[in-house]
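Q: Heads up, this note's numbering is the position in the sequence shown plus 3, with the first residue counted as 1. All C-beta atoms, glycine included, are put in the ideal place defined by N, C-alpha and C. Please read all numbers here as calculations on a predicted model, not as lab measurements. Have a look at the structure that comes next, please.
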Amino acid sequence: MTLVLCAVGYLANKWDVARRKRALREYVREEASVLPPRPIALVRSMDDVVLEAARTP
Numbered sequence: 004m005t006l007v008l009c010a011v012g013y014l015a016n017k018w019d020v021a022r023r024k025r026a027l028r029e030y031v032r033e034e035a036s037v038l039p040p041r042p043i044a045l046v047r048s049m050d051d052v053v054l055e056a057a058r059t060p
């Protein structure tokens with residue numbers, strides 16, 4: 004019984020995380036469409052900063 008409850012909770016959490024990621028991607032897409040285009044060098048440098056921040060503990 005405990006295993007079934009854990010499995011249901013795990014699947015519900017996984018579904019909720021996926022739903023939130025989709026909503027966040029949609030929000031970012033909407034915001035990006037409103038902003039003026041940025042130079043590609045600026046975008047790449049910002050991507051590098053984000054990736055570096057993600058690597059640090």
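Could you spell out where the alpha helix (DSSP H) holding T5 opens and where it closes?
A: Along the sequence shown, read from residue 1 onward, the residue named residue 5 stands at position 2. Per DSSP, T5 belongs to the alpha helix (DSSP H) from T5 to V37.
Q: In angstroms, rounded to a whole number, what distance separates the CA positions of E34 and L45?
A: Within the sequence shown, residue 34 is the residue found at index 31, counting from 1. Within the sequence shown, residue 45 is the residue found at index 42, counting from 1. Using only the alpha carbons, I get a separation of about 17 Å.
Q: Pull up the distance between the alpha-carbon of G12 and that of R25, whole angstroms please.
A: Within the sequence shown, residue 12 is the residue found at index 9, counting from 1. Within the sequence shown, residue 25 is the residue found at index 22, counting from 1. Using only the alpha carbons, I get a separation of about 20 Å.
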